[in-house]
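Chemist:
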Amino acid sequence: MRDRDDEWTGLMRAAISGDDGSYHRLLKLITPALRAAARKGLARAGQPGDQSEDIVQDILLAVHLKRHTWNPTAPFAPWLFAIARNKLIDTLRRRGRRIFVDIDDFAETIASEPPAEVVPAGEVALHLETLPARQREVLQLIAVDNTSIKDTAQKLAMSEGAVRVALHRGLSKLTANLRGS
Amino acid sequence: MKMETEQLIRILAADNPRRSLSVGQVLSMALAAALPISLALFLSTLGVRPDVMLAMHNPFFDLKFVVTLSLMISAIAVGLHLSRPDAALGGWVGLLFVPIGILAIGIGWEMMLPQRLPMIVRLVGSNSKTCLLAITLLSLPLLAAALLALRHGATARPVVSGAFAGLLSAGLAATLYASHCPDDSPLFVATWYTLATLLVTAIGALTGARVLRF
């Protein structure tokens with residue numbers, strides 16, 4: 012657990028100092044822990060676990076857009092699980108269910124949790140459709156076709172800067188739409 | 041079309057170079073933008089009291105600014121702290137004892153001096169209604185700005201964060217108002233400034249509950 016936390020913290024520090032590869036690795040590493048926590052939280056609230064992947068994606072978006080609120084001198088895991096807990100409570104509230112989230116669900120997620128099968132989520136994708144065409148195209152090229160920023164720029168006849176802006180705006184908008192639903 | 045989490049991660053990783061401003065930077069910019077609105081509102085309606093040059097020699101006039109500014113600074117510190125999702129409230133709320141303590145010392149100090157007016161007259165003052173109304177109204181543009189800025193953060197306690205947005209905007213609005221206010225007694229400040237501040241804090245808490253969830 013301690014090793015895991017140290018690894019996450021190290022990767023996040025590297026990510027902030029500009030290492031995109033570390034960031035990608037970190038997000039992949041935390042996803043199973045978030046998935047396990049989301050399932051546990053849903054089960055505890057008496058909710059079916061089939062929408063846990065929506066919550067995982069919701070948490071990942073929040074981690075990304077709020078990462079400036081992480082203090083790089085502090086460990087990463089408590090911050091991550093605070094975000095996760097908040098998102099789970101938020102989801103349950105929006106569904107109008109009684110809220111009963113035990114913080115231990117997040118604090119004690121065991122690293123050796125068996126990897127859950129990946130359920131493709133619908134919510135994020137659904138909102139993708141509502142984005143302006145440019146933003147949607149950029150997001151889809153990067154997400155679905157695994158295109159680099161550079162190639163995306165070439166394909167869409169945009170500058171790399173414009174691709175980055177569209178990417179970020181699309182993400183922010185996606186989050187805003189998710190919140191509104 | 042369904043999006044796999046793997047794909048979402050790819051998008052997020054591609055957006056890694058994007059850097060956001062800190063919540064503190066956004067809050068400073070928001071307050072700098074809203075302050076001229078409150079200031080214009082203040083100068084066009086109430087304005088600085090005419091005997092201000094003389095009043096500045098009265099330590100109790102000056103004390104009002106120490107109290108209101110220390111309230112603002114403490115509230116900003118706690119508000120920014122709470123904008124981190126993993127922040128513990130802990131001893132931070134104790135910062136509020138700075139303005140409260142300064143005000144208490146001021147009251148004790150005034151008690152020890154011979155006074156022309158009885159205590160109750162100093163407490164009731166001459167313009168308590170204006171005080172309540174002015175501090176509350178002058179706070180609103182600042183409160184809106186503070187709440188917008190705190191939305192850039194990720195608080196796990198929207199109500200408490202909203203309350204601190206209220207406290208900081210009331211502190212700043214009271215600083216403006218203090219330069220008009222003809223009542224300098226710390227007893228007056230402790231009564232009416234506090235009442236107005238609590239009102240703004242309540243508005244902040246209620247609004248925060250709605251707008252500061254992330």
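Chains A and B, in that order, give the protein sequences. Basically our numbering = 1-based index in the first sequence + 11. Basically our numbering = 1-based index in the second sequence + 40. Just so you know, even glycine gets a beta-carbon here, dropped at the ideal spot from N, CA and C.
#1: Would DSSP call A:Met169 helix, strand or coil?
#2: Which word fits A:Glu128, buried or exposed, when buried means at least 16 other C-beta atoms lie within 10 angstroms of its C-beta?
#3: With a cut-off of 8 Å, do at least 3 Cβ pairs link the stretch 92 to 109 of chain B to the stretch 38 to 57 of chain A?
#4: Is B:Met112 buried or exposed, if buried means 16 or more other CB atoms sit within 10 Å of its CB?
#5: So A:Asp69 is in the alpha helix (DSSP H); what residue range does that whole segment cover?
#6: List the residues of chain B whose Cβ lies closer than 7 Å to the Cβ of A:Pro89, in chain order.
#7: Which value, in whole angstroms, describes the spacing of the CA atoms of B:Leu188 and B:Ser78?
#8: Beta-carbon of A:Glu171 versus every beta-carbon of chain B: anything under 8 Å?
#9: Who does B:Ala152 pair with in a DSSP beta bridge?
#10: Could you check the C-alpha separation between B:His220 and B:Phe82 for me, to the nearest Å?
#11: Whole-angstrom Cβ separation of B:Leu120 and B:Thr176, contact assumed at under 8 Å?
#12: Tell me whether A:Met12 sits in a helix, a strand or coil according to DSSP, three-state version.
#13: Look at the alpha carbon of B:Gly146 and the alpha carbon of B:Thr170, and state the distance between them as a whole number of angstroms.
#14: If contacts are defined as beta-carbon pairs under 8 Å, then B:Leu212 and B:Leu182 qualify, I think. What distance do you get, rounded to the angstrom?
#15: State the Cα-Cα distance for the pair B:Ala205 and A:Asp17, rounded to the nearest angstrom.
#16: If we ignore side chains and look at the alpha-carbon of each, how far apart do A:Ser123 and B:Leu235 end up?
#17: Should A:His179 be labelled buried (16 or more other beta-carbon atoms within 10 Å of its own) or exposed?
#18: Under 8 Å between beta-carbons, which chain B residues line up against A:Ile153? List them in chain order, please.
#19: In chain B, which residues lie less than 8 Å from A:Gln68 when you measure between Cβ atoms?
#20: Roughly how many angstroms lie between the CA atoms of A:Ile41 and B:Ala218, to the nearest whole one?
#21: Less than 8 Å between CB atoms is the rule here; does B:Ser62 satisfy it with respect to chain A?
#22: Check whether the stretch 193 to 200 of chain B touches the stretch 134 to 153 of chain B, counting contact only when three or more Cβ pairs, one atom from each stretch, lie closer than 8 Å.
#23: Have a look at B:Arg59 and A:His79 and give me their C-alpha separation to the nearest angstrom.
#24: Identify the contact partners of B:Gly32 in chain A, using a Cβ-Cβ distance below 9 Å as the criterion.
#25: Which chain B residues sit within Cβ distance under 7 Å of A:Asn188?
#26: Compute the Euclidean distance between the alpha carbons of A:Leu189 and B:Pro222, then round it to the nearest angstrom.
#27: Going along chain B, which residues have a C-beta under 7 Å from A:Lys161?
#28: Quick check: the Cα distance between B:Gly130 and B:Ser114, rounded to an integer number of angstroms?
#29: When the distance is taken between beta carbons, is A:Leu91 closer than 8 Å to A:Leu182?
#30: Please identify the residue among B:Leu143, B:Pro57, B:Ala73 whose C-alpha is closest to the C-alpha of A:Val176.
#31: Using a C-beta cutoff of 8 Å, does B:Phe254 count as contacting chain A?
#32: By alpha-carbon positions, which one of A:Pro86, A:Lys77, A:Gly60, A:Ala85 ends up nearest to B:Asp55?
#33: Mind checking if B:Gly193 is an interface residue toward chain A, Cβ cutoff 8 Å exclusive?
#34: Spatial neighbours of B:Val118 within its chain, please: C-beta separation below 7 Å, excluding the five flanking residues on both sides.
#35: Under DSSP, the alpha helix (DSSP H) around A:Trp81 begins and ends at which residues?
#36: What does the alpha-carbon distance come out to for the pair B:Leu208 and B:Leu109?
Modeler: With the structure as the only source:
#1: By 1-based counting over the first sequence, the position of residue 169 of chain A is 158. A:Met169 falls in the coil class under three-state DSSP.
#2: Position 117 of the first sequence, counting from 1, holds the residue named residue 128 of chain A. Any reading at A:Glu128 needs caution, since the residue's pLDDT is 47, under 50, leaving its predicted position unreliable; the model's value is listed next. By the neighbour-count rule (16 or more Cβ atoms within 10 Å), A:Glu128 is not buried but exposed.
#3: no
#4: Counting from one through the second sequence, the residue named residue 112 of chain B turns up at place 72. Label assigned to B:Met112: buried.
#5: One-based indexing of the first sequence puts residue 69 of chain A at position 58. 63 to 76 is the span of the alpha helix (DSSP H), which, as asked, contains A:Asp69.
#6: Position 78 of the first sequence, counted from the start, is the residue given in the question as residue 89 of chain A. Here the neighbours are Asp126.
#7: Sequence index remark: in the second sequence, residue 188 of chain B carries index 148 (1-based). Sequence index remark: in the second sequence, residue 78 of chain B carries index 38 (1-based). If you take the alpha carbons of B:Leu188 and B:Ser78, they lie about 16 Å apart.
#8: As a first step, residue 171 of chain A must be located in the first sequence, where it is residue number 160. So, not an interface residue.
#9: Residue 152 of chain B sits at position 112 when you count from the first residue of the second sequence. Note that residue 152 of chain B is Met in the sequence shown, not Ala. Looking at the DSSP assignment, B:Met152 forms no beta bridge with any residue, so it has no partner.
#10: Position 180 of the second sequence, counted from the start, is the residue given in the question as residue 220 of chain B. Position 42 of the second sequence, counted from the start, is the residue given in the question as residue 82 of chain B. Their Cα atoms are separated by approximately 9 Å.
#11: Taking the second sequence and counting its residues from 1, the one referred to as residue 120 of chain B is at position 80. Taking the second sequence and counting its residues from 1, the one referred to as residue 176 of chain B is at position 136. So it is not a contact: roughly 24 Å between Cβ atoms.
#12: As a first step, residue 12 of chain A is located in the first sequence; it is residue number 1 there, counting from the start. Coil at A:Met12, not helix or strand.
#13: As a first step, residue 146 of chain B is located in the second sequence; it is residue number 106 there, counting from the start. As a first step, residue 170 of chain B is located in the second sequence; it is residue number 130 there, counting from the start. B:Gly146 and B:Thr170: Cα-Cα distance of roughly 23 Å.
#14: Along the second sequence, one-based indexing puts residue 212 of chain B at 172. Along the second sequence, one-based indexing puts residue 182 of chain B at 142. With 8 Å as the limit, B:Leu212 and B:Leu182 qualify as a contact, their Cβ atoms being about 5 Å apart.
#15: If you number the second sequence from 1, residue 205 of chain B lands on position 165. If you number the first sequence from 1, residue 17 of chain A lands on position 6. Near 34 Å, if we compare the C-alpha coordinates of A:Asp17 and B:Ala205.
#16: The residue labelled residue 123 of chain A in the question sits at position 112 within the first sequence. The residue labelled residue 235 of chain B in the question sits at position 195 within the second sequence. With a pLDDT of 46 at A:Ser123, under the threshold of 50, the modelled position of that residue is not reliable, and the figure given next carries that caveat. Whole-angstrom Cα-Cα distance: 55 Å.
#17: As a first step, residue 179 of chain A must be located in the first sequence, where it is residue number 168. A:His179 comes out buried.
#18: On the first sequence, residue 153 of chain A is found 142 positions in, with the first residue counted as 1. Per Cβ cutoff of 8 Å: Arg50, Ile51, Ala54.
#19: Within the first sequence, the letter at position 57 stands for residue 68 of chain A. Here the neighbours are Met43, Thr45, Leu48.
#20: Mapped onto the first sequence, residue 41 of chain A falls at position 30. Mapped onto the second sequence, residue 218 of chain B falls at position 178. A:Ile41 and B:Ala218: Cα-Cα distance of roughly 52 Å.
#21: In the second sequence, counting from the first residue as 1, residue 62 of chain B sits at position 22. By this cut-off, B:Ser62 is an interface position.
#22: no
#23: Residue mapping note: residue 59 of chain B aligns to position 19 of the second sequence, counting from 1. Residue mapping note: residue 79 of chain A aligns to position 68 of the first sequence, counting from 1. Using only the alpha carbons, I get a separation of about 8 Å.
#24: As displayed, chain B neither begins before 41 nor continues past 254, which places residue 32 of chain B out of reach and without an answer.
#25: The count along the first sequence starts at 1 and reaches residue 188 of chain A at position 177. Result: empty, since nearest Cβ-Cβ is about 13 Å, beyond 7 Å.
#26: One-based indexing of the first sequence puts residue 189 of chain A at position 178. One-based indexing of the second sequence puts residue 222 of chain B at position 182. Their Cα atoms are separated by approximately 51 Å.
#27: Counting from one through the first sequence, the residue named residue 161 of chain A turns up at place 150. Residues of chain B passing the Cβ test: none, with the nearest at roughly 11 Å.
#28: Counting from 1 along the second sequence, the entry for residue 130 of chain B is found at position 90. Counting from 1 along the second sequence, the entry for residue 114 of chain B is found at position 74. B:Gly130 and B:Ser114: Cα-Cα distance of roughly 14 Å.
#29: Here residue 182 of chain A corresponds to residue number 171 of the first sequence, with the count starting at 1. Here residue 91 of chain A corresponds to residue number 80 of the first sequence, with the count starting at 1. Taking 8 Å as the Cβ cut-off, A:Leu182 and A:Leu91 do not qualify as a contacting pair.
#30: Position 165 of the first sequence holds residue 176 of chain A. The candidate whose alpha carbon is nearest that of A:Val176 is B:Pro57.
#31: Residue mapping note: residue 254 of chain B aligns to position 214 of the second sequence, counting from 1. So, interface residue.
#32: Stepping through the second sequence from its first residue, residue 55 of chain B is reached at position 15. It is A:Lys77 whose Cα lies nearest to the Cα of B:Asp55.
#33: As a position in the second sequence, residue 193 of chain B is number 153, starting the count at 1. It does: the Cβ of B:Gly193 has a partner Cβ on chain A nearer than 8 Å.
#34: Residue numbering aside, residue 118 of chain B sits at position 78 when the second sequence is read from its first letter. The answer, listed in chain order, is Trp132, Val133, Leu135, Phe204.
#35: Taking the first residue of the first sequence as position 1, residue 81 of chain A is located at position 70. Note, A:Trp81: premise wrong, no alpha helix (DSSP H); not H, not E.
#36: For this step, residue 208 of chain B is matched to residue 168 along the second sequence. For this step, residue 109 of chain B is matched to residue 69 along the second sequence. Looking at the two C-alpha atoms, the distance is approximately 9 Å.
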